[in-house]
Amino acid sequence: MNHTYLKTVDSDWYRQRLSGTLICVFAVFLVLLARLYYLQVVKGAEFRRQSQNNCVRLQSIPPARGLIFDRNGVLMVDNRPSFSVSIVLEDAKNPKEVLLKLAEFLGEEPQPILAKLDGARGYPSFKPILLKRDLSRDSLAVVEAHKLDLPGIFITIEPMRHYVDGKRASHLIGYLSEISEEQLKSGRFPHNRSGDFIGKFGVEKSCESFFHGEPGTRQVQVNALGQVTRVLETVQTVPGKNVYLTLDLELQRKTEEMFAEKVGAAVAMDPSNGHILAMVSSPAFDPNAFVEGMTFEEWNKLAANEFHPMGNKAIQGQYPPGSTYKIVTTIAGLEEGVINEDTKLYCPGYYRCGNRTFRCWKRGGHGSVDIIDALAQSCDVFFFQVGEKLGVDRLARFATSCGLGMSTGIKLDNEAPGLVPSSAWKLRKIGVPWQAGETLSVAIGQGFNLVTPIQMVSLVAAVANGGTRYKPLVVGRIRGVDGSLVKIGAAEPVGKLAASDKTLEFLRKGLVDAVNKREGTGWIARVRGIEVAGKTGTAQVVSMEKGHEEKPLESIPFCLRDHAWFVAFAPVETPRIAVAVLVEHGGHGSSAAGPIAREMIKAYLGI
Amino acid sequence: MFDRRLVQHFDWVLLALALVLEAIGILTLYSAVNASAHVADLTCPVYLKQTYWFGMGIAAMVAMFLFNYKWLHRWGGAAYAFSVGLLLAVAFAGKEVSGSQRWLVVGSLSFQPSEIVKIAVVIVLARYFSDCCSEEGFTLKSLWKPLVWTLVPFILIARQPDLGTGLVVLLIAGSMTLFVKIERRSMICLTGAGVLVCSVAWFFLKEYQKQRISAFWNPETDPLGAGYHVIQSKIAVGSGMVLGKGFLKGTQNALSFLPEQHTDFIFSVLAEEWGFLGSAMVVTLYLLLIIWGLSIAIRSKEPFGTILAVGITSMVFWQAIINVGMALGLLPVVGVTLPLISYGGSSLVATMLGIGILMNISMRRFMFKD
Chain A
1 MNHTYLKTVD SDWYRQRLSG TLICVFAVFL VLLARLYYLQ VVKGAEFRRQ SQNNCVRLQS
61 IPPARGLIFD RNGVLMVDNR PSFSVSIVLE DAKNPKEVLL KLAEFLGEEP QPILAKLDGA
121 RGYPSFKPIL LKRDLSRDSL AVVEAHKLDL PGIFITIEPM RHYVDGKRAS HLIGYLSEIS
181 EEQLKSGRFP HNRSGDFIGK FGVEKSCESF FHGEPGTRQV QVNALGQVTR VLETVQTVPG
241 KNVYLTLDLE LQRKTEEMFA EKVGAAVAMD PSNGHILAMV SSPAFDPNAF VEGMTFEEWN
301 KLAANEFHPM GNKAIQGQYP PGSTYKIVTT IAGLEEGVIN EDTKLYCPGY YRCGNRTFRC
361 WKRGGHGSVD IIDALAQSCD VFFFQVGEKL GVDRLARFAT SCGLGMSTGI KLDNEAPGLV
421 PSSAWKLRKI GVPWQAGETL SVAIGQGFNL VTPIQMVSLV AAVANGGTRY KPLVVGRIRG
481 VDGSLVKIGA AEPVGKLAAS DKTLEFLRKG LVDAVNKREG TGWIARVRGI EVAGKTGTAQ
541 VVSMEKGHEE KPLESIPFCL RDHAWFVAFA PVETPRIAVA VLVEHGGHGS SAAGPIAREM
601 IKAYLGI
Chain B
1001 MFDRRLVQHF DWVLLALALV LEAIGILTLY SAVNASAHVA DLTCPVYLKQ TYWFGMGIAA
1061 MVAMFLFNYK WLHRWGGAAY AFSVGLLLAV AFAGKEVSGS QRWLVVGSLS FQPSEIVKIA
1121 VVIVLARYFS DCCSEEGFTL KSLWKPLVWT LVPFILIARQ PDLGTGLVVL LIAGSMTLFV
1181 KIERRSMICL TGAGVLVCSV AWFFLKEYQK QRISAFWNPE TDPLGAGYHV IQSKIAVGSG
1241 MVLGKGFLKG TQNALSFLPE QHTDFIFSVL AEEWGFLGSA MVVTLYLLLI IWGLSIAIRS
1301 KEPFGTILAV GITSMVFWQA IINVGMALGL LPVVGVTLPL ISYGGSSLVA TMLGIGILMN
1361 ISMRRFMFKD
């Protein structure tokens, strides 16, 4: 075993062993150097990019949405800061554990928060996933305090829509809700990302392109825990434009007060330019609830409400116009020469047509009346006869020239066109020829006629201003954040009433008498000190039965009560406001709708 | 006893290589901890601590070449017994840090006996192999002693647990044994046994150790878990590109994406900041150190010196290869320090000790007084 020569110096044997060892060493180091070369030179640029992605994040800064003011610059809708909590998966070493901890800190069930993780499957791991919006101050404090235990979790401050007065003018202003997948795909919202809120209804929707502004970006450096260590570059947001409505907030408030406990709609318009001064639809909803996130039950409750709080009855509600339609019949009668200022017709309380008897609302009859009395006292028999002489198709032509049967063009969604019946329409729609008797119903605003409150206010405004129909405007001005004028809502005439000045004069006289004469049906709407012109209307919900009017209102089931109309303008000489009020199932126009119209006029004119 | 020739033959090259690597190490440590709040929070920055340890390392190195290395032949057994005793002390009275019991505390100093035991194993094996060497190689029968001398410390270290250091002990012993040659039949048996032991050993590994090894084969399957270290380290190294991001400018390191950046992944910090030029230079320095160590072995005129030099060189070699290979994603993540560069007093002192021994052999290659 003992080879002494191995212990001697200069042993070639060891030299041999060493040369083998050296070869191995060189080979191994060559592998290391080759690997270094591969990682740093061949793949270097790619890894450099990865290292930047690793630590540089692009955060989007949501722009402040444009504000909404009333015509006098009173703030109606602004933005408040809201705190959202999100997670970046790449920074959370164990996302599930982090989310469980977060749920515990927030004192919430972990399931909905964990579900967000599943929802984001296939999402780039460095992109933030929104977990919860609008944290309370308390929750915010808890999350901030435990920041070190929650890697990957971060809080963002976002402006959140805030409707200052809650339900105030909610149908006109509209609401926001999360952008849908289809909307995102449509390409019409290039600035928006999933989870953004956009206008879904009302002015919020129609002015979306002005409101949204442009998001900014912030390039930040984060550490391995996802905490921001440095802001590298910021591109500032461009805030949305501010919208000044044509609305008069005081008038709106007063009108809404009058509609408390009532179902229906009211619209006020400036007759000189079509500006909408007030638009009420009752009951209303609170648009804040949409931004803050509604529970399923809350939504169901809203959707199932029999009075449809989500619909804007001022533009979507279609009702028979009742006696307010006599304005149309008057214009048609005078313009077609069927009657003139001297025509007197006798009202015994009923009118016979063929083998049917049509009743006047006043059973005892009005006696001999001319056009002005007929308007003032709303004599049905007078207008039966005018209608009969005109025929339904001539009547329909004039109704169309008055802007009925078609949308007014107001820039709000889902406006209803109403309905102007004609013989051709009936044949086409129902397949039965027109009956002469039906013309009589149409002439006093019953039967197939359907109008919307916005159409009626446009018509009354045209009567007030000398015949020009303006497109109803809800946006007066749009201004940039710096105050620069972006857009001005200019008066836009869309038609003229087919009525001569003389016709309009008679019409106005009749409407003035309706309010200002003791026997006028609108007596209740008179205002001391100024002259108001108006017309009541009672729209039957079910066809009139015998003795219908005599029954006290309370004895009739609510849903069978008549709708009450009142249209008016004031002051007669220089009209500044036109209103149309509709109270669903309110009973008589004079008692239910008249006082509301009166208060609106008083409120606006400051009496 | 003092000989002028000692000064004439002083190994300046080896000293220079060691000093350069150590200087790079302290510089890199400075960068590694300056970037990370977690490590910098310590009362005394680690690069300063490392400097103190370096002083101690120099003293150990000087002590190692003041006497004739052949004394080690005589006292090797005692040194081995002493260091294994220290390991046993660790097992019973060691300080526990984050789940591992690796440290012995003496006063305000804490050190890892497992680092010293590597040198001790090298010495006893060198003595045995140089005494009983044969041209045919060692047979299984003649290998049982070195096997026991290796396995005892290995088991003690592995159960701390410190798989990395344990593995290094095995690799050193294996390299030395292969160097002195194993008889062919025994070789086949040993290889077979080795494969068998490895496959059985898998079942004794801790879960995290298994994870690290499986993550090594496919780090992308679990990028946030076990594969995290490897991916982040590769990104750090790769993003250094040719010229590096510059001193103190490594973002992967600065933003704490690198784990253990002052010990296991110090090479990644270096590679990120100094790029291919810098890291290839450091790798080359190690290569030079290894070649120089082997040249000392070959120039030694007697087997004990040769085998001792081979053993110490293989210690540096394996640690460097495993640590760098790990940072480059070539080897699984096991905690092994990069000699002279990683933070760690015991490791530094042990390495300097080894270099001292190498110098001793180098200086005394012309003296045959015994």
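Protein chains in written order, with the numbering used here: chain A, 1 to 607; chain B, 1001 to 1370.
Here a beta-carbon is modelled for each residue, glycine too, at the ideal position from N, C-alpha and C.
Amino acids of chain A, ordered along the chain, whose beta-carbon sits closer than 9 Å to that of residue i
i: Met1241 of chain B; result: Gln40, Val41, Gly44, Ala45, Phe47 and Arg48
i: Ala1297 of chain B; result: Tyr14, Leu18 and Thr21
Buried or exposed by the 16-neighbour rule on C-beta atoms within 10 Å, applied to residue i
i: Gly20 of chain A; result: exposed
i: Ala424 of chain A; result: exposed
i: Gln252 of chain A; result: buried
i: Arg1004 of chain B; result: exposed
i: Cys360 of chain A; result: buried
i: Ala539 of chain A; result: buried
i: Ser1199 of chain B; result: exposed
i: Trp1318 of chain B; result: buried
i: Gly1085 of chain B; result: exposed
i: Pro81 of chain A; result: exposed
i: Glu1096 of chain B; result: exposed
i: Leu1019 of chain B; result: exposed
i: Asp12 of chain A; result: exposed
i: Glu1272 of chain B; result: buried
i: Lys429 of chain A; result: exposed
i: Ser441 of chain A; result: buried
i: Pro190 of chain A; result: exposed
i: Val1148 of chain B; result: exposed
i: Leu1353 of chain B; result: buried
i: Val1033 of chain B; result: buried
Neighbour list for residue i in chain B, Cβ cutoff strictly below 8 Å
i: Val25 of chain A; result: Leu1287, Ile1290, Ile1291, Leu1294 and Phe1317
Chain B residues whose Cβ lies nearer than 7 Å to that of residue i
i: Val231 of chain A; result: Correct list: empty, because the minimum Cβ distance to chain B is about 14 Å.
i: Val220 of chain A; result: What Val220 of chain A touches in chain B: nothing, since even the nearest Cβ is about 11 Å away.
i: Val28 of chain A; result: Ile1321
i: Ser180 of chain A; result: Result: empty, since nearest Cβ-Cβ is about 32 Å, beyond 7 Å.
Selected residue, minimal CA-CA separation from residue i, among the options
i: Thr637 of chain A; options: A:Val451, A:Ser378 and A:Val381; result: Lying outside 1 to 607, the shown extent of chain A, residue 637 of chain A is not represented and no answer is given.
i: Ala114 of chain A; options: A:Lys127, A:Lys96 and A:Tyr14; result: Here residue 114 of chain A turns out to be Leu, not Ala, going by the sequence shown. For Leu114 of chain A, the nearest C-alpha among the options comes from A:Lys96.
i: Ser422 of chain A; options: A:Ala443, A:Asn414 and A:Pro215; result: A:Ala443
i: Ala34 of chain A; options: B:Gly1329, B:Tyr1343, B:Ala1201 and B:Ala1126; result: B:Gly1329
i: Val1013 of chain B; options: B:Phe1111, B:Ile1296 and B:Leu1348; result: B:Ile1296
i: Gly174 of chain A; options: A:Leu245, A:His146, A:Glu214 and A:Arg133; result: A:Leu245
i: Ala462 of chain A; options: A:Gly495, A:Arg48 and A:Val74; result: A:Gly495
i: Arg469 of chain A; options: A:Met456, A:Gly480 and A:Leu395; result: A:Met456
i: Met1363 of chain B; options: B:Gly1293, B:Leu1340, B:Gly1344 and B:Ser1346; result: B:Gly1293
N-terminal and C-terminal residue of the alpha helix (DSSP H) that residue i is part of
i: Met1061 of chain B; result: Val1046 to Leu1066
i: Val1152 of chain B; result: Leu1140 to Ala1158
i: Val56 of chain A; result: Where Val56 of chain A is concerned, there is no enclosing alpha helix (DSSP H), although the beta strand (DSSP E) it sits in stretches over Val56 to Ile61.
i: Val1349 of chain B; result: Gly1345 to Met1363
i: Trp1103 of chain B; result: From DSSP, Trp1103 of chain B is part of no alpha helix (DSSP H) but of the beta strand (DSSP E) over Ser1100 to Val1106.
Boundaries of the beta strand (DSSP E) in which residue i is found, first to last residue
i: Leu1249 of chain B; result: Note that residue 1249 of chain B is Lys in the sequence shown, not Leu. From DSSP, Lys1249 of chain B is part of no beta strand (DSSP E); its letter is neither H nor E.
i: Asp78 of chain A; result: Leu75 to Val88
i: Ile1123 of chain B; result: First-last for Ile1123 of chain B: Pro1113 to Asp1131, but that is the alpha helix (DSSP H), not the beta strand (DSSP E).
i: Phe358 of chain A; result: Arg356 to Arg359
i: Asn242 of chain A; result: Asn242 to Leu245
i: Arg477 of chain A; result: Val475 to Arg479
i: Leu345 of chain A; result: Leu345 to Cys347
Inter-residue CB distance, residue i and residue j (contact presumed, cutoff 8 Å)
i: Ala570 of chain A; j: Ala533 of chain A; result: 7 Å
i: Cys347 of chain A; j: Phe290 of chain A; result: Incorrect: roughly 53 Å between the Cβ atoms, too far for contact.
i: Met279 of chain A; j: Ala169 of chain A; result: 7 Å
i: Leu1338 of chain B; j: Ala1320 of chain B; result: 6 Å
i: Ile478 of chain A; j: Val243 of chain A; result: 5 Å
Contacts of residue i in chain A (Cβ-Cβ under 7 Å)
i: Glu1207 of chain B; result: Neighbours of Glu1207 of chain B on chain A: none; closest Cβ ~15 Å, over 7 Å.
Contact set between residue i and chain B, taken where Cβ atoms lie within less than 9 Å
i: Leu36 of chain A; result: Val1237, Ala1271, Phe1276, Ser1279, Ala1280, Val1283, Val1324 and Leu1328
i: Asn288 of chain A; result: None at all; the shortest Cβ gap to chain B is about 39 Å.
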